[in-house]
Structures are given as structure tokens and as C-alpha cells.
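A.B. asks: Chain order of the listed sequences is E and S. Residue numbering for the first sequence follows UniProt numbering, beginning at 1 and increasing consecutively. Residue numbering for the second sequence follows UniProt numbering, beginning at 1 and increasing consecutively. We treat Cβ as the ideally placed atom computed from N, Cα and C, and that holds for glycine.
Number of protein chains: 2
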Amino acid sequence: MASRSDTKTRILDAAEKLFAERGFSETSLRLITSKAEVNLASVNYHYGSKKELIRAVLARYLDVFMPSAQRAIADMPKNGQTMDDIFGALVQPLLELNKLRADGTTVFLQLLGRGYIESQGHLRWFITTHYGGHLDFFVKAVASCVPHVPQVDIFWRLHFTLGTVVFTMASADALNEIAAADFDEHNDIEAVIRKVIPYIAAGVSVPAPNAILE
Amino acid sequence: MASRSDTKTRILDAAEKLFAERGFSETSLRLITSKAEVNLASVNYHYGSKKELIRAVLARYLDVFMPSAQRAIADMPKNGQTMDDIFGALVQPLLELNKLRADGTTVFLQLLGRGYIESQGHLRWFITTHYGGHLDFFVKAVASCVPHVPQVDIFWRLHFTLGTVVFTMASADALNEIAAADFDEHNDIEAVIRKVIPYIAAGVSVPAPNAILE
DNA sequence: GTTTAATTTAAACGAGTGTTTTAATCAAAC
DNA sequence: GTTTGATTAAAACACTCGTTTAAATTAAAC
Numbered sequence: 001m002a003s004r005s006d007t008k009t010r011i012l013d014a015a016e017k018l019f020a021e022r023g024f025s026e027t028s029l030r031l032i033t034s035k036a037e038v039n040l041a042s043v044n045y046h047y048g049s050k051k052e053l054i055r056a057v058l059a060r061y062l063d064v065f066m067p068s069a070q071r072a073i074a075d076m077p078k079n080g081q082t083m084d085d086i087f088g089a090l091v092q093p094l095l096e097l098n099k100l101r102a103d104g105t106t107v108f109l110q111l112l113g114r115g116y117i118e119s120q121g122h123l124r125w126f127i128t129t130h131y132g133g134h135l136d137f138f139v140k141a142v143a144s145c146v147p148h149v150p151q152v153d154i155f156w157r158l159h160f161t162l163g164t165v166v167f168t169m170a171s172a173d174a175l176n177e178i179a180a181a182d183f184d185e186h187n188d189i190e191a192v193i194r195k196v197i198p199y200i201a202a203g204v205s206v207p208a209p210n211a212i213l214e
Numbered sequence: 001m002a003s004r005s006d007t008k009t010r011i012l013d014a015a016e017k018l019f020a021e022r023g024f025s026e027t028s029l030r031l032i033t034s035k036a037e038v039n040l041a042s043v044n045y046h047y048g049s050k051k052e053l054i055r056a057v058l059a060r061y062l063d064v065f066m067p068s069a070q071r072a073i074a075d076m077p078k079n080g081q082t083m084d085d086i087f088g089a090l091v092q093p094l095l096e097l098n099k100l101r102a103d104g105t106t107v108f109l110q111l112l113g114r115g116y117i118e119s120q121g122h123l124r125w126f127i128t129t130h131y132g133g134h135l136d137f138f139v140k141a142v143a144s145c146v147p148h149v150p151q152v153d154i155f156w157r158l159h160f161t162l163g164t165v166v167f168t169m170a171s172a173d174a175l176n177e178i179a180a181a182d183f184d185e186h187n188d189i190e191a192v193i194r195k196v197i198p199y200i201a202a203g204v205s206v207p208a209p210n211a212i213l214e
């Protein structure tokens, strides 16, 4: 099999890079196959369709990240954890994606952002049905950390948080350029992650107005 | 001029709705003109190109919202304002967009989100150059409210906030359905806005880790 | 009422898309 | 060495896209 390095993974490697920086619909199969130096038809041969290629690209990261993230949460000490600690526990699993592939962390978060914003709902469905167990585990950890916040508010705030992360990562490159130009602050992906944690931790754990005068 | 109601605004009305719910690149001129019941070529006749149509759609909202929002901030009492107050001052200008057009608030926020995420940078440039004055005014109001947060962190956190709002509004319908089914909580757009304010206010004003040990 | 300009229309253009087809090529099994 | 099945290759297919053209129509000016 396989002439040089596997055609199938050459496609995945080229696709994830282009998807992350240009979005899914803005990236043509011809651009992917030319970057990967493979034939155009090989995408449909190996993956069936562009939509399934997109899922394969995301799954390759989620299959690594989701169990790793759940383990990190589960291994936390059971008492006295703050929201900063919970979100902070996700940093290591995220950064370890860099060992998987170059710029793995950035690519993964950008892909996640693109996935949630583009592709009206069908990727959201893919993620929640394939990784729902891991997500539930995370939500329970958050809920037990902020018992003063009603369940329904936790629901809303975690979606606020998803929006924060996803939007930031999708435009991380542009924002980093501005930060470098206007504030002479040169951030890598880890610096941005560490900046966002206090923000989302404070938002999730702030007392809910309705809960106070219950 | 104008056979029935102005063709130019018929295009704008149809375009903003479709752009908001499907994104810019996913919305074809043929879909817009068929919904608007005008001829395909009239878009290029009246607006020159699709790109300029997108800008016109956004400008129609921004020209109303930006001055209105600035006035709301300027009219605030000068002392003792919290971050909740500042963001709260934007609620009225946002909701008044509903008088402009049906679902104006939601459409505007969704368009803003699409604009920042899609169209790599050229719409971000359009907004900052045309409405930079209003944005600066708002940033200064925020900065003077949280003097303990460094400027660069305010920059980042306001973009986090943009992501929170924009992402939430883009999926507000789906989230409201889930909230109604899982928690029996039936929200309209204003209720969601009032839920998000404590979240983003807490995130923006939380002490920055670096600033503490400066 | 004729002229003039603005607008609308239908049709085509040229480029780009994902996908399919058919033949060529390759590696291994017998 | 031949056969077999998997992979690669080049080409075409059937669209869709934004844009342009040129004629038809409409509205306003004189």
C-alpha cells in the first residue's frame, strides 16, 4: 500500500491546517489536494465526501482531547476547587495537542470554533452525540463547584463560555496581530488561554441576580 | 423612480435576514433577489458588488446603533458606575433596533458576529475605520470603570465579550428551545441579554493576574 | 409628445465547486 | 509471470457562483 507517507493522513494534515485558518466552506478540495500533493479524487475515495472529511479532521483531535480532558478533571482534588482550577485543568490537555502535531492546540480550537459557527448545527450534533458523556461529566464538575448558581444559569453561562472561547480562537490570529501592533504584546496560544480563564471563571461563578432574592 | 417599494431597500431587507441566519458566503445573490422579488442584476446595479452590499447591510444598523449607544453611555452619571451599569446602558439602544425592523436586535447582533468571523479582516477594518470614534468612547468608559485592569487586558476581554454576545445571539433560538425543554424557562431576546450582562461584567472587571504582582 | 436618463429584465459569461467515471498504475499473492 | 485487488490519475460532469452585457421598459424633463 501507500506510495510514500499514507495519502489518507496527508489529506487530513493539509485539510486541518487550511480549515483552521480559512474555514470549511472557504477551503476547496482542490486547494487541499494540491497542498497535500495528492490527486483530487483521492479525497472522495478515502473519505466519501467533503463533509465526512471535515468530521474526520475534527474527530482526530476530539478522540484525543475529550478523554484527556475528562481524566484531568477527574484527577483533581475533590475539595476546595475554584472555577479557575477547573478551567485551568483543561490547559494541559489542550497544550498536549501540540505534541500531536505542530500548532495542534491552535488548530484544534480554531477548528472547534469554525465547526460551531459554520455548518448550521450539523457539527454541533456530531459533537454532542459522539462526546456527550465527556461533556456531561464536565458540566457536573462545574455545577458542584458553584452550588449557589441555579442549573439553568449554569446552562446559559457554559454556552456563553463556549461562545467566548470559540469566537476568540476563530479570530485568534487577527487579535494577536492587533495586540502586537497596538500594545506590543506578542502572545502565543497558551498566553491567550491563560488570559481567558479568569474571564470565564469569573463569569460562570458570579451570583445570579434571580438566585439572590429567591 | 421605484416601481413599488424601493428595489434598493427590498434588497437590503432580504439580504440582512439571510446573511444573519446563514452567513455571508453561504448566501447567494440569487437567493437574496428571489426572496426580495427583484432581478438578479439589480444588486450589482445598485450596490456594485456583493461585498459592498454586505457593508451596506451592516452600515444601516451601525449608523443607528453606534450614536445611540454612545449617547446612552455619555448620559450615565459620572460617579460610581459599575460594569453592570455600563453594559446595562446598551440594552435600550439594542432593543430599540426592534422598532427599526422586526427582530432587529437579533439580526444586528448576528450580522456583527458573522462580520467578525467571516470575511477575513476586511469587515473588521470597515467597522473600526468608520465607527472607531464610537468604539474608542466605549472602551474609555470601560477603562475608567476598571482602572485596576491593564489596557491590553481590557482589549482582550472586550473581544471575549464580543464573542460571548455574538455567539449567544447566533444560537439564541436553539438555546432558548433547550432551556424551555430542559428547565421550563421561556426567554425572549431581552431576557437573554439580561442574563449575559452579569456574566460579561464579572469577566471584564475581575483582577488581572499579571496586574496583581506588577 | 418626444427626448432623455434611470431602471429593470433576460441571457450569457467565465470561473469555481464537489463529485463521478474510466483508465492507468501499483503492490502483493499465487 | 500472471492475476487480483487496492490505489492513483486525468478528465469530464453537472452544478452554482458573482458579474457583465445588451435590449426592453419605465419614469421624468422639456
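Just the chain S side, please: which residues come within less than 7 Å of arginine 157 (chain E) by C-beta, in chain order?
C.D. replies: Chain S residues near arginine 157 (chain E): Tyr199.
A.B. asks: Straight-line CA distance for arginine 4 (chain E) to proline 207 (chain S)?
C.D. replies: In this prediction, arginine 4 (chain E) scores a pLDDT of 48, lower than 50, which makes its location untrustworthy; no coordinate-derived value is stated.
A.B. asks: According to the neighbour-count rule (16 or more other Cβ atoms, all chains shown, within 10 Å of its Cβ), is alanine 102 (chain E) buried or exposed?
C.D. replies: With fewer than 16 Cβ atoms within 10 Å of its Cβ, alanine 102 (chain E) is classed as exposed.
A.B. asks: Taking all protein chains shown into account, decide if isoleucine 177 (chain S) is buried (16 or more other Cβ within 10 angstroms of its Cβ) or exposed.
C.D. replies: The displayed chain sequence assigns glutamate, not isoleucine, to residue 177 (chain S). The residue in question, glutamate 177 (chain S), is exposed, as its Cβ has fewer than 16 Cβ neighbours within 10 Å.
A.B. asks: Quick one: is glutamate 118 (chain S) buried, meaning 16 or more other Cβ sit within 10 Å of its Cβ, or exposed?
C.D. replies: Glutamate 118 (chain S) comes out buried.
A.B. asks: If you draw a straight line from the C-alpha of proline 209 (chain S) to the C-alpha of arginine 194 (chain E), how long is it?
C.D. replies: Rounded to the nearest angstrom, the two C-alpha atoms are 9 Å apart.
A.B. asks: Can you list, in chain order, the stretches of the alpha helix (DSSP H) that have 4 or more residues and sit fully within the segment 98 to 126 of chain S?
C.D. replies: Listed in chain order, the complete alpha helix (DSSP H) runs (minimum 4 residues) inside the segment 98 to 126 of chain S are 104 to 117.
A.B. asks: Thinking just about the alpha-carbon of each residue, which of S:Leu90, S:Thr129, S:Val64, S:Phe155 is nearest to the one in aspartate 75 (chain S)?
C.D. replies: Checked all of S:Leu90, S:Thr129, S:Val64, S:Phe155; the closest Cα to aspartate 75 (chain S) is S:Leu90.
A.B. asks: Excluding sequence positions up to five away, which residues of its chain have a Cβ less than 8 Å from the Cβ of histidine 134 (chain E)?
C.D. replies: Contacts found: Met66, Pro67, Ala69, Gln70.
A.B. asks: Alpha carbon to alpha carbon, how far is alanine 141 (chain S) from aspartate 85 (chain E)?
C.D. replies: Their backbone Cα atoms lie some 31 Å apart in a straight line.
A.B. asks: Hey, leucine 175 (chain E) and histidine 159 (chain S): beta-carbon distance below 7 Å or not?
C.D. replies: Yes, they are a contact pair.
A.B. asks: Is it true that the segment 16 to 26 of chain E meets the segment 103 to 110 of chain E, where meeting means three or more beta-carbon pairs spaced less than 8 Å apart?
C.D. replies: Verdict: yes, contact present.
A.B. asks: For a test of the three-state rule: what should DSSP assign to aspartate 136 (chain S), helix, strand or coil?
C.D. replies: Helix.
A.B. asks: Any beta carbon of chain S sitting closer than 7 Å to that of glycine 88 (chain E)?
C.D. replies: No, glycine 88 (chain E) lies away from the interface with chain S (no Cβ there is under 7 Å from its Cβ).
A.B. asks: Which chain E residues are close to glutamate 185 (chain S), counting only those with a beta carbon under 8 Å from its beta carbon?
C.D. replies: Neighbours of glutamate 185 (chain S) on chain E, chain order: Val152.
A.B. asks: Could you tell me which chain S residues have their CB closer than 7 Å to the CB of threonine 168 (chain E), listed as they occur along the chain?
C.D. replies: What threonine 168 (chain E) touches in chain S: His159, Phe160, Gly163.
A.B. asks: What are the boundary residues of the alpha helix (DSSP H) that includes glycine 88 (chain S)?
C.D. replies: Taken as a continuous stretch (DSSP letters only), the alpha helix (DSSP H) holding glycine 88 (chain S) covers 83 to 89.
A.B. asks: Nearest chain S C-beta to leucine 175 (chain E) closer than 7 Å, yes or no?
C.D. replies: Yes, contact with chain S.
A.B. asks: Could you tell me how far apart the beta carbons of valine 38 (chain E) and isoleucine 73 (chain E) are, in whole angstroms, since I believe they sit closer than 8 Å?
C.D. replies: Not quite, the Cβ-Cβ distance comes to about 39 Å (not below 8 Å), so this is no contact.
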